[in-house]
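Notes follow once the structure below has been shown.
Protein chains in written order, with the working numbering: chain A, 1 to 264; chain B, 1 to 264.
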């Protein structure tokens with residue numbers, strides 16, 4: 001049995017995707033499970049489907065390139081409303097009802113995550129921010145007060161501009177920034193049991209991926225598309241001192257051995 | 001000259017109405033002025049005009065009774081997005097750019113303001129919350145860390161339900177909850193110089209209103225409509241230990257003698 005002091009040194013960062021937080025039933029299941037996680041913890045959420053739906057209702061077209069949202073001024077308002085307002089505050093209210101002292105944050109709040117607007121390359125992503133730093137010291141102070149940060153995928157440039165930032169990236173950056181304060185486990189929680197060898201076979205979970213097996217799995221085409229940035233983020237996090245990265249689904253967060261564990 | 005310790009015991013709570021925060025120029029002026037206020041401070045904002053505009057774009061009808069918004073499920077989503085997301089985060093990003101460690105909060109965050117849904121009387125206001133308590137101890141801990149709370153007019157019922165709550169009321173409740181920690185000045189900041197004796201004469205500011213002169217001014221019809229709940233809130237705050245209430249406009253927050261001071 002671990003002592004209290006040891007337990008407090010272990011931090012769990014959970015990133016949960018749009019589909020889960022945007023359907024009432026799966027959100028309830030997630031938050032119930034999240035509430036049972038012992039020790040300090042952080043929840044990072046998406047909200048893309050709701051943003052796309054609201055944009056559509058407002059006559060704003062959603063354009064995605066490489067799975068990333070082109071964020072013009074109108075779309076920035078939409079994601080600020082949906083991620084920072086609707087999705088974030090619903091999760092916060094729900095967690096507080098479960099007795100968790102949840103605090104909703106964007107990167108702009110207390111300058112927690114500073115970014116810069118991505119330079120225009122072949123694609124102009126618009127108001128999209130690449131992270132410069134996350135303030136691990138301040139997050140650690142909050143965690144010590146038993147506050148549970150609930151983080152929306154928005155950052156700011158320090159000059160008053162809010163920027164849209166991928167939630168997987170937020171989770172990785174926050175985990176990295178806290179790696180010198182805690183033994184950090186980063187959990188990417190999505191709809192599948194883990195990284196699958198055969199996309200149609202939910203029982204083909206790959207239990208472990210290392211840097212060398214990752215290269216092989218990419219060559220074989222087993223890992224492709226949206227999974228590549230997730231795994232790149234995972235390895236970057238491990239290289240920056242994060243202890244463990246797990247890719248799994250709601251219902252088995254507490255049993256990481258059921259999902260895919262990423263190791264250096 | 002006051003000592004640092006004395007200065008730290010004085011708290012300024014500024015409530016700023018929709019019209020000011022929703023126009024770029026007046027918002028900039030307000031935030032510049034807010035940034036110069038010494039010592040601990042809190043900003044409470046509205047956002048009603050933006051909520052009404054977004055609702056209209058979404059085909060949701062805005063119904064007001066006695067100046068208060070009827071908040072059905074769709075309207076609750078709109079105000080959660082606009083107050084908690086768009087308006088709040090824009091202010092937070094802007095203040096951080098001015099070097100202020102601003103933290104956006106709704107009442108749901110860390111259970112800062114708990115409310116209950118208003119009972120249906122002659123009017124069913126829908127998802128509107130009447131405040132049960134504001135957590136002055138927790139707000140005071142934030143203020144001691146030089147964090148500046150930026151509060152959206154949303155609360156929660158402790159069972160996961162977000163509720164729409166009037167921003168004037170939020171400002172008064174927060175001021176009251178902090179009155180045992182600080183010498184609190186509550187400033188209601190709106191478009192006019194102060195409470196006017198003659199609505200069309202901007203130079204007819206009433207410098208002081210006391211409980212007895214308030215009764216007379218109501219009888220005379222000088223104070224009516226939307227100003228009545230604001231003054232009722234002011235007197236309730238004073239009775240609960242708030243030191244001073246000022247009704248004024250942007251540009252003269254630092255010179256309370258130019259606005260209307262409310263006294264018991």
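Ideal placement from N, C-alpha and C gives every residue a C-beta, glycine not left out.
Discussion item. Looking at residue 248 of chain B: is its Cβ nearer than 8 Å to the Cβ of residue 193 of chain B?
Written reply: With a cutoff of 8 Å on beta-carbon distance, residue 248 of chain B and residue 193 of chain B are scored as near each other.
Practice prompt. Taking 8 Å as the cut-off, decide whether the C-beta atoms of residue 174 of chain B and residue 88 of chain B are in contact.
Written response: no
Discussion item. For the region 157-164 of chain A against the region 77-97 of chain B, do three or more pairs of beta-carbon atoms, one drawn from each stretch, fall closer than 8 Å, so that the two count as touching?
Written reply: yes
Worksheet item: Between the Cα of residue 47 of chain A and the Cα atoms of A:61, A:40, A:60, A:27, which residue gives the shortest distance?
Response: A:27
Practice prompt. Note down, in chain order, all residues in the region 159-190 of chain B with a beta-carbon under 8 Å from any beta-carbon belonging to chain A.
Written response: Those would be 159, 160, 161, 162, in chain order.
Worksheet item: Where does the unbroken alpha helix (DSSP H) through residue 50 of chain A begin, and where does it stop?
Response: 48-57
Worksheet entry | Where residue 36 of chain A falls: helix, strand or coil (DSSP) | helix
Item to complete: Please name the residue, chosen from B:23, B:9, B:25, B:43, that lies closest to residue 253 of chain B on a Cα-to-Cα basis.
Response: In terms of Cα proximity to residue 253 of chain B, the closest of B:23, B:9, B:25, B:43 is B:43.
Worksheet item: Buried or exposed: where does residue 129 of chain A fall if 16 or more other Cβ atoms within 10 Å of its Cβ makes it buried?
Response: buried
Worksheet entry | Chain-order list of residues whose beta-carbon lies under 7 Å from that of residue 267 of chain A (same chain, five-residue window excluded) | Outside the displayed span of chain A (1 to 264) sits residue 267 of chain A, for which this structure offers no information.
Worksheet item: At which residues does the alpha helix (DSSP H) containing residue 259 of chain B begin and terminate?
Response: Residue 259 of chain B -> no alpha helix (DSSP H), and no H or E assigned at all.
Discussion item. Report the start-end ranges of each beta strand (DSSP E) in the region 168-220 of chain B that is 3 residues or longer and not cut off at the edges.
Written reply: 183-190
Fill in: Reduced DSSP category for residue 2 of chain A - H, G, I as helix; E, B as strand; rest coil
With a pLDDT of 48 at residue 2 of chain A, under the threshold of 50, the modelled position of this residue cannot be trusted; read the value that follows with caution. Reduced to three states, the DSSP call for residue 2 of chain A is coil.
Item to complete: Please classify residue 164 of chain A: does DSSP put it in a helix, a strand, or coil?
Response: strand
Discussion item. Is it buried or exposed, residue 1 of chain B, if we count other Cβ atoms within 10 angstroms and call 16 or more buried?
Written reply: Only weak support exists for where residue 1 of chain B lies, its pLDDT of 46 falling under 50; the coordinates are left without a value.
Discussion item. Would you say residue 96 of chain B lies against chain A (beta-carbon separation less than 8 Å)?
Written reply: yes
Discussion item. With three or more beta-carbon pairs closer than 8 Å as the criterion, would you say the region 172-192 of chain B touches the region 9-29 of chain B?
Written reply: yes
Worksheet item: In chain B, which residues lie less than 9 Å from residue 156 of chain A when you measure between Cβ atoms?
Response: 89, 92, 93, 96, 97
Worksheet entry | Closest by C-alpha distance to residue 134 of chain A, when choosing among A:177, A:255, A:19 | A:177
Worksheet item: In this structure, does DSSP put residue 108 of chain B in helix, strand or coil?
Response: Looking at residue 108 of chain B - three-state DSSP - the assignment turns out to be coil, as it is neither helix nor strand.
Worksheet entry | Through-space distance from residue 153 of chain B to residue 91 of chain A, alpha-carbon basis | 17 Å
Discussion item. DSSP has residue 154 of chain A in a bridge; who is on the other side?
Written reply: In the DSSP output, where bridge partners are listed per residue, residue 154 of chain A has A:164.
Worksheet item: So, are the CB atoms of residue 19 of chain A and residue 49 of chain A less than 8 Å apart?
Response: yes
Practice prompt. Starting from residue 81 of chain A, find everything on chain B with Cβ-Cβ shorter than 7 Å and list it in chain order.
Written response: Within 7 Å Cβ-Cβ: 81, 82, 85, 86.
Practice prompt. Starting from residue 57 of chain B, find everything on chain A with Cβ-Cβ shorter than 7 Å and list it in chain order.
Written response: 58
Discussion item. Taking its Cβ as the centre, do 16 or more other Cβ atoms sit within 10 Å of residue 215 of chain A, making it buried, or is it exposed?
Written reply: exposed
Worksheet item: Using a beta-carbon distance below 8 Å, is residue 106 of chain B in contact with chain A?
Response: yes
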